[in-house]
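Protein chains in written order, with my numbering: chain C, 391 to 524; chain E, 391 to 524.
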């Protein structure tokens with residue numbers, strides 16, 4: 391079977407996600423670069439934008455894949471695990487970027503929606519400590 | 391009395407603070423530019439850095455001047471007033487920047503220190519809503 395120079399769409403998406411995850415793990419959100427993701431995935435940058443509107447949108451999808459939405463009742467515990475787990479720094483950075491970008495704010499609201507039934511006051515202490523820990 | 395082309399240090403600082411406050415009021419933290427502050431204040435940019443280490447440090451001083459540290463017992467109310475008052479957007483932006491900058495994080499921790507005796511859980515709900523409101 392002939393192969394083309396660039397992988398098909400589903401394969402390209404998987405490569406993009408894998409490359410972006412590796413970059414997030416190595417250097418956090420600040421070091422995530424869509425140019426570098428495209429290079430590592432062997433795709434054009436336009437292939438990223440075909441599916442994700444921004445670096446924030448791509449990072450949020452990775453957070454969702456790494457930390458599945460909570461299913462049980464303990465949303466406070468789940469939120470704590472989200473913010474203090476391996477993707478906690480990425481979530482904190484997205485919340486930070488949301489202060490300057492309405493698009494990122496919408497992405498973050500969507501990402502955190504499953505947790506908000508716990509109530510903002512209950513989640514707030516966790517957020518406060520995560521964002522302002524030394 | 392002879393005047394010099396540039397105001398003396400105390401005068402220059404006052405001009406810098408005035409120009410930066412006007413910019414924060416007009417366009418928020420994102421629009422604050424030290425180049426533009428220097429231009430409006432009629433000073434060199436080095437005059438800003440002589441006293442403030444960064445844009446964040448200058449903005450934090452303005453927040454302190456606009457919103458004096460709480461004196462009474464109701465720190466939760468004071469924190470709510472800080473985050474939802476005229477400087478609330480600036481504080482939110484500083485917290486956002488703190489996710490990517492250790493220096494800004496130290497500035498924010500210092501700025502919020504007077505409120506933290508209220509307890510992170512009590513302040514957290516206010517922070518959560520301020521950072522993640524639509």
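Here a beta-carbon is modelled for each residue, glycine too, at the ideal position from N, C-alpha and C. Just so it is clear, the structure is predicted and the values come from calculations on it, not from any experiment.
State the start and end residues of the unbroken alpha helix (DSSP H) segment that holds residue i.
i	result
residue 413 of chain E	399 to 421
residue 515 of chain E	510 to 522
residue 506 of chain E	First-last for residue 506 of chain E: undefined, no H or E at that position.
residue 425 of chain E	424 to 431
Under a three-way DSSP split, which group does residue i fall into?
i	result
residue 392 of chain C	The predicted model places residue 392 of chain C with a pLDDT of 47, which falls under 50 and marks its position as unreliable, so this point remains unresolved.
residue 486 of chain E	helix
residue 478 of chain C	helix
residue 436 of chain C	helix
residue 457 of chain C	coil
residue 500 of chain C	helix
residue 470 of chain E	helix
For residue i, which residues in the same chain have their Cβ closer than 6 angstroms to its Cβ, ignoring the five residues on either side in sequence?
i	result
residue 456 of chain E	477
residue 447 of chain C	497
residue 488 of chain C	494, 495, 498
residue 402 of chain E	433, 437
residue 490 of chain E	none
May I have the straight-line CA-CA distance separating residue i from residue j, to the nearest angstrom?
i	j	result
residue 486 of chain C	residue 404 of chain E	30 angstroms
residue 460 of chain E	residue 468 of chain E	6 angstroms
residue 515 of chain C	residue 509 of chain C	11 angstroms
residue 465 of chain E	residue 522 of chain E	21 angstroms
residue 513 of chain E	residue 505 of chain E	8 angstroms
residue 471 of chain E	residue 458 of chain E	11 angstroms
residue 503 of chain C	residue 413 of chain E	34 angstroms
residue 415 of chain C	residue 439 of chain C	21 angstroms
residue 511 of chain E	residue 517 of chain C	9 angstroms
residue 398 of chain E	residue 422 of chain E	23 angstroms
residue 441 of chain C	residue 507 of chain C	29 angstroms
Within its chain, find whatever has a CB closer than 8 angstroms to the CB of residue i; leave out the 5 residues flanking it on each side and keep chain order.
i	result
residue 501 of chain E	450, 453, 454, 481, 484
residue 443 of chain E	493
residue 418 of chain E	479, 480, 483
residue 462 of chain E	468
Please return the same chain residues whose Cβ sits closer than 7 angstroms to the Cβ of residue i, not counting the five positions on each side in sequence.
i	result
residue 435 of chain E	424, 425, 428
residue 431 of chain C	402, 405, 406, 409
residue 474 of chain E	520
residue 420 of chain C	483
residue 411 of chain C	452
residue 445 of chain E	422, 424
residue 400 of chain C	none
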